[in-house]
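Heads up: the sequence shown is residues 4 to 353, going by this note's numbering. To keep things clear, I will list the structure first and then write my remarks on it.
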Amino acid sequence: MTPRGLPVSTLLVLTIALLVPAGVRGQDATPAADALPDGVTVVASGLTNPRGFTWGADGTLYLALAGTGGPNQVIAEDGTAYPYFGGMTSSIARIEDGCAVPVAEGLASFLWTDPGWIWGAMDVAILDGQLYALLGGGGADVGMPDNPNGVYRVSADGSTEIIADLSAWFRENPPIDTPWDYGADGSLFDLEAGTGRLWVSEAVGGRLLAITPDGQIALVADLSVEHMVPTGVAVAPDGGAYVNHETVVPFPDGAAKVIHVAADGTVTDYWTGLTAGTDLAMGPDSALYAAEMATGNLEEPPYLQPGTGRVVRQTGPDSLEPVVTDIDYPVQVDFGPDGALYLAYPAFAP
Numbered sequence: 004m005t006p007r008g009l010p011v012s013t014l015l016v017l018t019i020a021l022l023v024p025a026g027v028r029g030q031d032a033t034p035a036a037d038a039l040p041d042g043v044t045v046v047a048s049g050l051t052n053p054r055g056f057t058w059g060a061d062g063t064l065y066l067a068l069a070g071t072g073g074p075n076q077v078i079a080e081d082g083t084a085y086p087y088f089g090g091m092t093s094s095i096a097r098i099e100d101g102c103a104v105p106v107a108e109g110l111a112s113f114l115w116t117d118p119g120w121i122w123g124a125m126d127v128a129i130l131d132g133q134l135y136a137l138l139g140g141g142g143a144d145v146g147m148p149d150n151p152n153g154v155y156r157v158s159a160d161g162s163t164e165i166i167a168d169l170s171a172w173f174r175e176n177p178p179i180d181t182p183w184d185y186g187a188d189g190s191l192f193d194l195e196a197g198t199g200r201l202w203v204s205e206a207v208g209g210r211l212l213a214i215t216p217d218g219q220i221a222l223v224a225d226l227s228v229e230h231m232v233p234t235g236v237a238v239a240p241d242g243g244a245y246v247n248h249e250t251v252v253p254f255p256d257g258a259a260k261v262i263h264v265a266a267d268g269t270v271t272d273y274w275t276g277l278t279a280g281t282d283l284a285m286g287p288d289s290a291l292y293a294a295e296m297a298t299g300n301l302e303e304p305p306y307l308q309p310g311t312g313r314v315v316r317q318t319g320p321d322s323l324e325p326v327v328t329d330i331d332y333p334v335q336v337d338f339g340p341d342g343a344l345y346l347a348y349p350a351f352a353p
């Protein structure tokens, strides 16, 4: 990992091999602290598939952990066994002295073994002092109908209550152009707190949603037509949002982009020339910073090149400058109350 020109404080959060089927592994270990370049600090390590994070008013750092799936394999009605495994291994944690302290445990988690992709608690956000979690590891498609995907309110006692059942909403409101790899429970990615509402991105189906604390769900923009796979969201100062895109295999260099979605749903290109975009954040300098999962990717499996991920800063409508390079699949990025850049990785466990 190489930082360039910006003080960076990283959630050096590497996956560990836990309850995963044979053939799927996590990162072997956290690099030694003395192997890190100047300006990089390990905030927490040894976490189980870290995803999005946020800070409370008191400075507490909250983190979504997607878990490891579980022992329950998805079996079709005709007896076909799919490489999908579910369980209640996801959680929400707070970070204290470099360690993850559970806030809410036993949340739905889902592992697709072939690529090593895991869904569970995907992100957290705080709106008007209340902690919310975006949970994406459940639903009927993966054998957990009693644990629907959606936005949940997280209480101080560790209990969770669904305020927006997105599994149900997605079934009633399919995307305009349903892609071949779309699941009826959706593929949730990012949760961001705006003014009076929460922004949610649904990646594979290509939707940007706005959800109020009382559970009202509104489709702001259907982005499914080009199947660009919307991922990270940054709230725009005009009341709209900026949205990053991952694209699909083989994740060609320069094919991803950031769009601006106005409050009325109007979509315009804002930043082009990105690669395999995951998250997005507005910096203290009012510039956008994007995480690129991998660059220089291959045209055949495994497509994504390890150790090539970056965090980049926008310098123009189609230009950028690297801020942090040589990362293994960065998945979430944000700026902390201290003004430093925090990042979580890896996005999956190949």
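Just so you know, even glycine gets a beta-carbon here, dropped at the ideal spot from N, CA and C. As the structure is a prediction and not an experimental result, all values here were calculated from the model.
Endpoints, the alpha helix (DSSP H) within which residue i is located
| i | result |
| --- | --- |
| A171 | 169 to 175 |
Spatial neighbours of residue i in its chain, beta-carbon cut-off 7 angstroms, leaving aside the 5 residues before and after
| i | result |
| --- | --- |
| T63 | R97 |
| A167 | G153, V154, I214, G218, I220 |
| G268 | V223, A224 |
| P34 | In this prediction, P34 has a pLDDT of 41, which is less than 50 and means its spatial position is unreliable; what the coordinates show is noted afterwards. So no residue of the chain qualifies. |
Three-way DSSP call (helix, strand, coil) for residue i in this model
| i | result |
| --- | --- |
| D184 | coil |
| D193 | strand |
| D144 | helix |
| P287 | coil |
| L307 | coil |
| E302 | coil |
| H230 | coil |
| F113 | strand |
| P53 | strand |
Own chain, CB closer than 8 angstroms to residue i, minus 5 neighbours either side, in chain order
| i | result |
| --- | --- |
| A244 | E195, G197, W202, L211, V223, V236, A237, V238, H263, V264 |
| G208 | F173, P177, P178, T181, P182, Y185, G189, S190, S227 |
| E164 | Y155, R156, S158 |
| V106 | Y65, S94, I95, A96, R97, L134, V157, G161 |
| A84 | Q76, V77, I78 |
Burial state of residue i (16 or more Cβ within 10 Å)
| i | result |
| --- | --- |
| Q317 | buried |
| D288 | exposed |
| A47 | buried |
| E295 | buried |
| W58 | buried |
| D193 | buried |
| S204 | buried |
| S1 | Nothing about residue 1 can be read from this structure; the chain reaches only from 4 to 353. |
| I368 | Outside the displayed span of the chain (4 to 353) sits residue 368, for which this structure offers no information. |
| L301 | exposed |
| Y345 | buried |
| D272 | exposed |
| D282 | buried |
| T5 | exposed |
| E99 | exposed |
Range of the contiguous beta strand (DSSP E) that encloses residue i
| i | result |
| --- | --- |
| M125 | 124 to 130 |
| V363 | Residue 363 lies beyond the range of the chain shown here (4 to 353); nothing can be said about it. |
| H263 | 259 to 264 |
| N75 | 75 to 78 |
| V157 | 153 to 157 |
| D272 | 270 to 277 |
| S93 | 84 to 99 |
Close-in-space but distant-in-sequence residues of the same chain around residue i (CB under 6 angstroms, 5 per side omitted)
| i | result |
| --- | --- |
| D188 | G142, D144, N152, S170 |
| G109 | M91 |
| G242 | A266 |
| T311 | A297, T298, G299 |
| D81 | none |
Any chain D beta carbon closer than 7 angstroms to residue i
| i | result |
| --- | --- |
| N52 | Checking the listed chains, one finds no chain D in this structure; it contains a single protein chain. |
Tell me, please, whether the stretch 169 to 184 touches the stretch 126 to 135 by the rule of three or more beta-carbon pairs shorter than 8 angstroms. Here the stretch 169 to 184 does not lie against the stretch 126 to 135, with fewer than 3 beta-carbon pairs under 8 angstroms apart.
Touch check for the stretch 320 to 327 and the stretch 299 to 309: three-plus C-beta pairs under 8 angstroms? In this structure the stretch 320 to 327 does not lie against the stretch 299 to 309, because fewer than three pairs of beta carbons, one per stretch, are closer than 8 angstroms.
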